[in-house]
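Enquirer: The structure that follows is given in the form of structure tokens.
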Amino acid sequence: MAGALLCALLLLPLLGRGEGKNEELRLYHYLFDNYDPGRRPVQEPEDIVTISLKVTLTNLISLLSPIIFISHPQNEKEETLTTSVWIGIDWQDYRLNYSKGDFGGVETLRVPSELVWLPEIVLENNIDGQFGVAYEANVLVSEGGYVSWLPPAIYRSTCAVEVTYFPFDWQNCSLVFRSQTYNAEEVEFVFAVDDEGETISKIDIDTEAYTENGEWAIDFCPGVIRRYDGDSAGGPGETDVIYSLIIRRKPLFYVINIIVPCVLISGLVLLAYFLPAQAGGQKCTVSINVLLAQTVFLFLIAQKIPETSLSVPLLGR
């Protein structure tokens with residue numbers, strides 16, 4: 101008798117777990133048996149789907165990173181910003197509405213992203229043709245038809261670099277997001293809201309997950325939602341979500357390895373004035389050595405900055 105009671109107690113959690121799985125399966129069939137992921141989640145054609153967007157930066161990987169072109173074996177410097185982010189997207193789909201009390205208290209259902217309608221948000225100013233995310237994470241469906249998607253992405257975006265004050269420069273790079281399929285009359289973008297009710301109108305930086313870059317420091321990263329009107333024929337407009345990454349270069353490496361040696365080498369020119377007049381050959385030797393050393397350091401600077409004629413560093417003039 102005692103053994104049977106012990107077995108029943110051991111099997112009770114397993115039975116509860118199996119019942120929970122059955123409830124999730126029943127909820128899945130209830131929501132998706134007649135669901136069409138290609139149709140917008142609106143009851144009327146003129147209704148607009150509100151999309152809540154939040155971008156969390158986990159790593160500022162690089163700026164001006166070299167890549168190797170297949171057609172050209174040499175490295176080419178690009179004005180490119182590489183970032184690792186999480187894209188938080190939330191919206192409401194009335195077709196996925198349910199009450200957790202009818203399904204054993206199931207609060208969240210996880211389903212593959214290809215089964216659910218998605219707003220198809222892409223990075224418009226990418227440079228490598230990779231518009232989408234790096235991993236198609238599962239979509240979370242909650243009570244009331246609220247849908248949440250948090251995929252990771254590694255973006256390589258264009259960034260016009262201003263190097264006049266190199267290495268004491270700062271850059272303003274942008275991440276421009278837009279719905280690839282839907283216009284401003286079909287989807288509306290809004291910034292996400294935190295737990296305290298404050299609008300998150302900037303790139304969120306997770307202090308626990310963020311990996312600090314050794315060359316660049318982030319000063320500010322505001323965001324703005326900009327809507328563009330349609331053409332003169334009355335066509336629908338477009339909406340862009342623009343995040344600006346204002347980053348500042350950490351100059352310590354360049355001060356120690358370039359600026360200080362250049363100043364010291366330039367100071368050697370003064371030795372030529374203190375050499376006696378009879379030492380004409382030594383004066384010429386010192387001047388030539390200084391010129392060669394300065395040429396080497398200017399070559400190092402030229403290797404670091406992008407090949408552009410829009411601005412030239414004061415350090416190299």
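In the numbering used here, the protein residues as written are 101 to 417. All C-beta atoms in this analysis are idealised placements derived from N, C-alpha and C, irrespective of residue type, glycine included.
Report yes if the C-beta distance between N148 and E285 is below 8 angstroms; otherwise report no.
Expert: The amino acid occupying residue 148 in the given sequence is Ile; Asn does not appear at that position. With contacts defined as CB atoms closer than 8 angstroms, I148 and E285 qualify as a contacting pair.
Enquirer: Under 8 angstroms, do E188 and K154 count as touching if we go by C-beta distance?
Expert: Residue 188 is actually Gly in this sequence, not Glu. Going by C-beta atoms, G188 is nearer than 8 angstroms to K154.
Enquirer: Exposed or buried, which one is P141 when buried takes at least 16 other CB atoms within 10 Å?
Expert: buried
Enquirer: Express the C-alpha separation of S199 and G205 in angstroms, rounding to a whole number.
Expert: 8 angstroms
Enquirer: With A372 as the anchor, note down where its alpha helix (DSSP H) starts and where it stops.
Expert: V369 to F374
Enquirer: Take A309 as the anchor and find which of L218, W270, I365 and T158 has the nearest alpha-carbon.
Expert: For A309, the closest alpha carbon among the candidates L218, W270, I365 and T158 is that of T158.
Enquirer: Closer than 8 angstroms by C-beta to L114: which residues in its own chain qualify, once you throw out the five before and the five after it? Chain order, please.
Expert: For L114, the predicted structure reports a pLDDT of 42, less than 50, and the residue's modelled location is therefore unreliable. A value from the coordinates is still provided. Closer than 8 angstroms at the Cβ level, and outside the excluded window around L114, lies no residue.
Enquirer: Checking the sheet assignment: what are the DSSP bridge partners for K302?
Expert: P322
Enquirer: Return the first residue and the last residue of the beta strand (DSSP E) that K154 is part of.
Expert: V149 to L163
Enquirer: Under DSSP, the beta strand (DSSP E) around G188 begins and ends at which residues?
Expert: T180 to Q192
Enquirer: What first and last residue would you give for the beta strand (DSSP E) that runs through T339?
Expert: E338 to R349
Enquirer: Going by the DSSP bridge assignment, what does V390 pair with across the sheet?
Expert: The partner list for V390 (beta bridge, DSSP) is empty, contrary to what the question assumes.
Enquirer: Are the segment 262-269 and the segment 213-232 touching by the rule of at least three beta carbon pairs closer than 8 angstroms?
Expert: no
Enquirer: To the nearest angstrom, how far is the alpha carbon of I254 from that of Y354?
Expert: Answer to the nearest angstrom: the Cα atoms are 28 angstroms apart.
Enquirer: Report the residue from P336, L223 and E144 whose alpha carbon sits nearest the alpha carbon of Q280.
Expert: L223
Enquirer: Select from R256, T385, R210 and P252 the residue whose C-alpha is nearest the C-alpha of L163.
Expert: R256
Enquirer: Helix, strand or coil: how does DSSP classify S242 here?
Expert: strand
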